[in-house]
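Structure, as structure tokens:
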Amino acid sequence: MDPGEQQVLVVIFDVSPVWWGLKSLQGQAHITKFFDSLIIFMNSYLMLHSDNKLAVIASHSTKSIFLYPPPQAGNEQNSSEYGDCRDKHFAVVDNAIISSFKTLMSDGCEEKDMRSDSLIAGSMANALCYIHRITQELESRERASSRILVVKAADDAASQYMSFMNVIFAAQKEHVVVDSCVLGQDSGLLQQACDMTGGLYLKVPSQYAFLQYLLTAFLTEPELRKDSLVLSRTKSLHSVDYRAACFCHRCLVEVGFVCSVCLSIFCQFSPICSTCETVFRPSSLVLKSRKKRKVPSRSSSPCTDASIK
Ligand SMILES: [Zn+2]
Ligand SMILES: [Zn+2]
């Protein structure tokens with residue numbers, strides 16, 4: 300790390316009530332245990348340097364909430380009130396995060412919260428805004444190296460594809476690294492985010508070792524990872540799912556039609572681009588291949604029979 304360079308880390312914790320509820324019922328994972336591990340990880344990060352900045356965002360199914368720093372700043376309490384020997388700074392951070400998390404958990408869920416995905420793209424946008432503000436507040440000779448760590452549990456939602464891509468491009472432009480630690484199924488969107496921003500993507504193979512993965516993989520700054528044998532090996536092992544979601548049905552497609560004006564992706568040929576309303580004449584190639592494929596797969600969904608080789 301260069302002298303005068305500050306580290307900014309925003310941790311996004313996926314608190315999808317549906318995913319964690321199911322895992323808890325199956326006896327596989329409890330959100331509080333993972334949350335405890337995250338607290339230890341965040342304390343370790345703060346311990347690395349006194350200037351390290353931290354923010355924590357909880358990504359719910361319909362909202363994204365800052366657990367730290369709390370929205371109403373200036374309510375710092377003295378560590379002696381907690382009757383333990385923790386450093387004052389850690390005590391303040393831990394207690395703020397824990398109390399906001401408790402409030403969020405005790406708020407309960409409404410019917411509209413019962414979704415299988417979380418607002419990860421929205422939380423990432425919040426994180427980028429926070430990072431942007433922090434970097435604006437720096438003095439002229441200070442620089443910041445910023446990153447976002449997404450701890451993702453719930454499945455991807457193809458409906459978030461567009462906002463996700465916009466967030467990734469914004470992160471790229473602001474030189475913000477996106478790291479992801481995935482607890483559930485592999486996430487194609489986060490794989491792309493990590494690959495495009497130079498971050499680390501890790502699907503935790505054993506959830507019991509969550510803290511160890513956090514400390515060994517994600518505590519290291521992105522700059523220093525190049526020299527780490529373990530991490531470069533992890534990076535070379537995974538392949539990135541670069542499929543895009545079509546703008547018409549939000550399905551992931553390998554081959555599709557791209558509007559030459561606005562770069563929208565479609566799984567089927569459409570004479571008018573629904574995004575920018577450009578009119579296209581179908582080429583003879585498209586018409587031929589459509590006629591050929593009319594017979595075999597009428598029963599399948601529009602997104603599976605549309606790829607044109
Ligand atoms: Zn489609
Ligand atoms: Zn277009």
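In the numbering used here, each residue carries its 1-based index in the sequence shown increased by 299.
Beta carbons are placed, not taken as given, at the ideal position from N, Cα and C, and that holds for glycine.
Quantities reported herein were computed from a predicted structural model and do not represent experimental measurements.
Given residue i, which residues of its chain have a CB within under 6 Å of its CB, disregarding the five upstream and five downstream residues?
i, result
"residue 310", "355, 448"
"residue 395", "367, 369"
"residue 304", "442, 444"
"residue 488", "455, 463"
"residue 522", "none"
"residue 319", "330"
Output needed for residue i: all residues of its chain with C-beta closer than 7 Å, excluding positions within five of it in sequence on either side, in chain order.
i, result
"residue 493", "477, 478, 479, 499, 500"
"residue 413", "317"
"residue 424", "466"
"residue 343", "514, 518"
"residue 471", "495, 496"
"residue 475", "427, 430, 445, 446, 447, 496"
"residue 411", "361"
"residue 581", "568, 570"
"residue 491", "467, 539, 541"
"residue 665", "Here the chain comprises residues numbered 300 to 608, so residue 665 is not present and cannot be evaluated."
"residue 549", "457, 458, 460"
Taking a contact to mean a Cβ-Cβ separation below 9 Å, would you say residue i touches residue j in this structure?
i, j, result
"residue 400", "residue 358", "no"
"residue 333", "residue 506", "yes"
"residue 427", "residue 469", "yes"
"residue 337", "residue 345", "no"
"residue 558", "residue 575", "yes"
"residue 405", "residue 307", "no"
"residue 415", "residue 457", "no"
"residue 323", "residue 360", "no"
"residue 459", "residue 418", "yes"
"residue 363", "residue 421", "yes"
"residue 556", "residue 538", "no"
"residue 473", "residue 434", "yes"
Residues in its own chain within less than 8 Å of residue i by CB, not counting five upstream and five downstream?
i, result
"residue 503", "480, 481, 482, 509, 512"
"residue 485", "502, 540"
"residue 375", "Low local confidence applies: a pLDDT of 48 at residue 375 is under 50, so the model's placement there is unreliable, with the coordinate-based value given in what follows. Excluding sequence neighbours, residue 375 sits near 391."
"residue 561", "572, 574, 575, 577"
"residue 347", "306, 518"
"residue 327", "506"
"residue 437", "305, 443"
Tell me the DSSP bridge mates of residue i?
i, result
"residue 451", "481"
"residue 325", "None, per the DSSP bridge assignment."
"residue 544", "551"
"residue 305", "443"
"residue 352", "307"
"residue 338", "Paired residue(s): none; residue 338 is not in a bridge."
"residue 468", "Answer is none; residue 468 lacks a bridge partner."
"residue 357", "312, 364"
"residue 433", "Paired residue(s): none; residue 433 is not in a bridge."
"residue 344", "For residue 344, which the question treats as bridged, DSSP gives no partner whatsoever."
"residue 500", "479"
"residue 419", "DSSP lists no partner for residue 419."
"residue 509", "BP columns for residue 509 are empty, so no partner."
"residue 556", "565"
"residue 317", "In the DSSP output, where bridge partners are listed per residue, residue 317 has none listed."
"residue 578", "571"
Tell me, please, whether the CB atom of residue i is closer than 9 Å to any CB atom in chain D?
i, result
"residue 362", "Protein chain content of the structure displayed is limited to a single chain, and chain D is not contained in it."
Flag residue i as yes when its Cβ comes closer than 8 Å to any non-hydrogen atom of ligand 4, and as no otherwise.
i, result
"residue 548", "Only ligand 1 and ligand 2 can be found as ligands here, which leaves ligand 4 out of the picture."
Q | Lining residues of ligand 2 - beta-carbon closer than 7 Å to any non-hydrogen atom, in sequence order | A | 558, 560, 561, 563, 572, 574, 575, 577
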